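Q: Have a look at the structure that comes next, please.
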Amino acid sequence: MTSAPLLPDDAPAPFILHPATTDVPFILVCDHAGKRIPQGLGDLGVSAADRTRHIAWDIGIAGVARRLHAALGATLIEQVYSRLVIDCNRAPGHATSIPRESDQTVINGNHHLSDDERRQREREIFRPYHDCIAQQLATIDPQKCAMISLHSFTPVWQGQSRAWDAGVLFHKDAASADIMHQLLVERGGWVVGKNEPYRMTATSDYTIPYHAETRGMPYLEIEIRQDLIADEAGQENWAAILTQLLPIYWRRWTASAPTQRAYV
Ligand SMILES: [Zn+2]
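All residue numbers for the sequence shown refer to numbering that gives the first Met the number 0, where the first residue is 0 and numbers rise by one.
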């Protein structure tokens, strides 16, 4: 039996592509920008309050990403559907790709899924987003452009407060992370984590290892604490900070010795 499409023709597309308006050496990606749930999946068995919590999306980051796109003119690709449907920063099949539980909330609609139902989410939501990123990368020289992956993190995780204002995450590209870490600390005196509050790995993460690291492409994964960007003023502020710092990062990265920045 062929199941009905998860995203019929009148449903919002699984990603939004904001094309570049200038020739800048950045491509912005936002895996957890949206919190939509396809109509056919109902509410996934999750309360309305939980569907707007950090477990469903990266609160505030779409507002930062869109402003950054507008200010820098860089391509931005943002995911539209909730990470509770399928997490676009996890390899399909990973234990948290379609989470059964997140930060003490049970996702009932993700229990007892058939292989077909899993594959449908991958085919209709996960894959088109990543195909869009791949298509954009096919048009550029990956050595002359950095991928900037934007995320936000909850100030409280499983009852524990987090001290960081922001974090820079990396797996292989330590050189880029070092530069941006230093810039953020100098710029605002913030508490900035390096691979905190999360550590990037080749298996727990997907977007950067899959698209950037396989191409030897420089990258930054930036995490901002959600209460700092929950409102428009905060989003303006952090977009302005990154608009200022990203070109400095790029100048320093390109000026560094090739042996220092090659990570393959
Ligand atoms: Zn995220």
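Where is the CB? At the ideal position from N, CA and C, for every residue including glycine. Because the structure is a prediction, the values reported are computed rather than measured.
Considering just the uninterrupted stretch of the beta strand (DSSP E) at residue 118, what are its terminal residues?
A: It is not in any beta strand (DSSP E) - residue 118 instead sits in the alpha helix (DSSP H) that spans 114–120.
Q: Buried or exposed for residue 208, going by 16 or more other Cβ atoms inside 10 Å?
A: buried
Q: Within 10 angstroms of the Cβ of residue 46, are there 16 or more other Cβ atoms? Answer buried if so, exposed if not.
A: exposed
Q: Just the C-alpha distance for residue 14 and residue 78, rounded to the nearest angstrom, thanks.
A: 5 Å
Q: According to DSSP, which residues form a beta bridge with residue 144?
A: According to DSSP, residue 144 bridges with nothing at all.
Q: For residue 3, count neighbouring C-beta atoms within 10 Å of its own C-beta (all shown protein chains included) and say buried if the count is 16 or more, exposed if not.
A: exposed
Q: Tell me which same chain residues have a C-beta within less than 7 Å of the C-beta of residue 180, skipping the five on either side of it?
A: 167, 191, 193
Q: When you compare only the Cα positions, how much space is there between residue 105 and residue 82?
A: About 14 Å.
Q: Taking three-plus beta-carbon pairs below 8 Å as touching, is the segment 97–116 in contact with the segment 49–69?
A: Contact between the segment 97–116 and the segment 49–69 is established, with three or more Cβ pairs separated by less than 8 Å.
Q: Which runs of the alpha helix (DSSP H) fall wholly inside the segment 146–230 and span at least 4 residues, in chain order?
A: 173–187
Q: In the DSSP output, which residue or residues are listed as bridge partners for residue 111?
A: Partner(s): none; residue 111 has no beta bridge.
Q: With distances taken Cα to Cα, identify the nearest neighbour of residue 55 among 239, 248, 245, 44.
A: 44
Q: Which residue marks the beginning of the alpha helix (DSSP H) containing residue 63, and which one marks its end?
A: 60–71
Q: Which same chain residues end up closer than 8 Å to residue 0 when comparing Cβ atoms and leaving out the 5 residues on each side of it in sequence?
A: Confidence at residue 0 is low in this model, with a pLDDT of 47, below 50, so its placement is unreliable and the value that follows should be read with caution. None.
Q: Note down the Cα distance separating residue 254 from residue 34, rounded to an integer number of angstroms.
A: 39 Å
Q: Going by Cα to Cα distance, which pick from 245, 256, 252 is closest to residue 67?
A: 245
Q: For residue 154, which residues from the same chain have a beta carbon less than 7 Å from its beta carbon, with the 5 sequence-adjacent residues on both sides left out?
A: 160, 161, 224, 225, 226
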